[in-house]
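Chemist: Residue numbers (this note's numbering): 799 to 933. Please see the structure below; I have some questions.
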């Protein structure tokens with residue numbers, strides 16, 4: 799389970815780093831995510847870049863494993879997190895009209911992490927809910 803949680807944490811750390819200088823083709827994202835998760839991340843980075851924006855700050859994570867399948871020699875792990883993005887924001891990357899980012903906060907994130915054919919663990923899907931959704 800430790801490797802699955804490390805992949806989840808690595809994905810968000812890579813996302814924050816890539817947003818600082820938005821490059822949707824950065825190999826950092828594919829190191830930790832694949833499938834729908836990778837598509838969502840690269841799409842988000844592309845949108846930020848195309849609007850002339852960039853990311854600043856960091857996320858605070860508190861992931862916990864909620865599901866393991868199969869129980870012996872797991873290949874799939876479910877993660878529940880109360881991701882806090884209150885110390886991160888999107889800003890204008892270059893001179894231009896002011897950009898007002900929505901305030902961050904604690905958000906429920908449900909993710910699936912799967913062991914790949916090469917043995918690496920990668921996030922395959924995640925759902926990030928609205929601010930205030932952590933309970």
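We treat Cβ as the ideally placed atom computed from N, Cα and C, and that holds for glycine.
How far does the alpha helix (DSSP H) with residue 837 in it extend, from its first residue to its last?
Modeler: 833-848
Chemist: Contact defined as beta carbons within less than 8 angstroms: I believe residue 903 pairs with residue 884. What is the distance between those atoms, to the nearest angstrom?
Modeler: 5 angstroms
Chemist: Is it the case that the stretch 832-851 contacts the stretch 868-877, given that we only count it when at least three CB pairs across the two stretches are under 8 angstroms?
Modeler: no
Chemist: Which residues in the same chain as residue 807 place their Cβ atom closer than 8 angstroms to its Cβ, once the five residues preceding and following it in sequence are excluded?
Modeler: 859 and 861, listed in sequence order.
Chemist: Just to confirm, are residue 828 and residue 911 a CB contact at a threshold of 7 angstroms?
Modeler: No, Cβ-Cβ distance for residue 828 and residue 911 is not below 7 angstroms.
Chemist: Answer with buried or exposed for residue 837, where buried requires no fewer than 16 other C-beta atoms within 10 angstroms of its C-beta.
Modeler: exposed
Chemist: If I measure Cβ to Cβ from residue 856 and keep anything under 8 angstroms in the same chain, skipping five residues before and after, which residues do I get?
Modeler: Once the five neighbours on either side are set aside, the close Cβ partners of residue 856 are 814, 885 and 886.
Chemist: Just verifying my parser: in three-state terms, what is the DSSP assignment at residue 909?
Modeler: Secondary structure at residue 909: strand, using DSSP grouped into helix, strand and coil.
Chemist: Quick check on this structure: which residue in 832, 863, 879 and 823 has the alpha carbon closest to the alpha carbon of residue 844?
Modeler: Of the listed residues, the one whose Cα sits closest to residue 844 is 823.
Chemist: Closer than 7 angstroms by C-beta to residue 805: which residues in its own chain qualify, once you throw out the five before and the five after it? Chain order, please.
Modeler: 830, 911, 919, 920 and 921
Chemist: Is residue 826 helix, strand or coil by DSSP?
Modeler: helix
Chemist: Do the CB positions of residue 908 and residue 931 come within less than 7 angstroms of each other?
Modeler: no
Chemist: Give me the Cα-Cα distance between residue 865 and residue 877, rounded to the nearest whole angstrom.
Modeler: Roughly 7 angstroms between the two C-alpha positions.
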